[in-house]
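Visitor:
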Amino acid sequence: MAAPPQRWPLAPRELDEPHPSRLREDHPERAEILARHTEALREGSPGYLDPSSGLFVLSAGFLAKRGFCCTRGCRHCPYVT
Numbered sequence: 849m850a851a852p853p854q855r856w857p858l859a860p861r862e863l864d865e866p867h868p869s870r871l872r873e874d875h876p877e878r879a880e881i882l883a884r885h886t887e888a889l890r891e892g893s894p895g896y897l898d899p900s901s902g903l904f905v906l907s908a909g910f911l912a913k914r915g916f917c918c919t920r921g922c923r924h925c926p927y928v929t
């Protein structure tokens with residue numbers, strides 16, 4: 849049986865604060881995105897629907913529980929430093 853993957857260390861920021869390279873400060877829907885993300889974190893939901901595209905976006909809480917970065921550029925990746 850293979851050993852479970854080793855957990856990655858989280859970036860030194862709160863889970864509700866995305867890395868600037870993943871969500872710019874001047875993004876026109878930043879406030880709405882952060883509100884939806886905060887709600888997903890509070891509810892323990894795996895993510896939320898993006899306000900402009902309607903795509904499902906994984907929350908930092910879900911990604912942190914997974915334990916590693918998938919390198920796909922997730923908006924709320926808790927491992928990006």
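For the sequence shown, counting from 1, position 34 maps to 882 in this note's numbering; every step adds exactly one. Positions of the beta carbon are idealized from the N, C-alpha and C atoms, including for glycine.
1. Looking at the secondary structure, which residues open and close the beta strand (DSSP E) in which residue 897 lies?
2. In the DSSP assignment, what residue or residues form a beta bridge with residue 928?
3. Whose C-alpha, out of 919, 871, 862, is nearest the C-alpha of residue 898?
4. Counting only the same chain and skipping the five closest in sequence on each side, list residues whose C-beta sits under 6 Å from that of residue 915.
5. Output the boundary residues of the alpha helix (DSSP H) element that contains residue 910.
6. Below 8 Å on the Cβ atoms is my guess for residue 925 versus residue 875; work out the distance and round it to an integer in Å.
7. Buried or exposed: residue 889, going by 16 or more other Cβ atoms within 10 Å of its Cβ?
Guide: In this structure, then:
1. Counting along the chain, the beta strand (DSSP E) containing residue 897 begins and ends at 895–897.
2. Bridge partners of residue 928: none, in fact.
3. For residue 898, the nearest C-alpha among the options comes from 871.
4. Answer for residue 915: 855, listed in chain order.
5. In this chain, the alpha helix (DSSP H) harbouring residue 910 covers 908–914.
6. Wrong, their Cβ atoms sit about 16 Å apart, outside the cutoff.
7. Residue 889 comes out buried.
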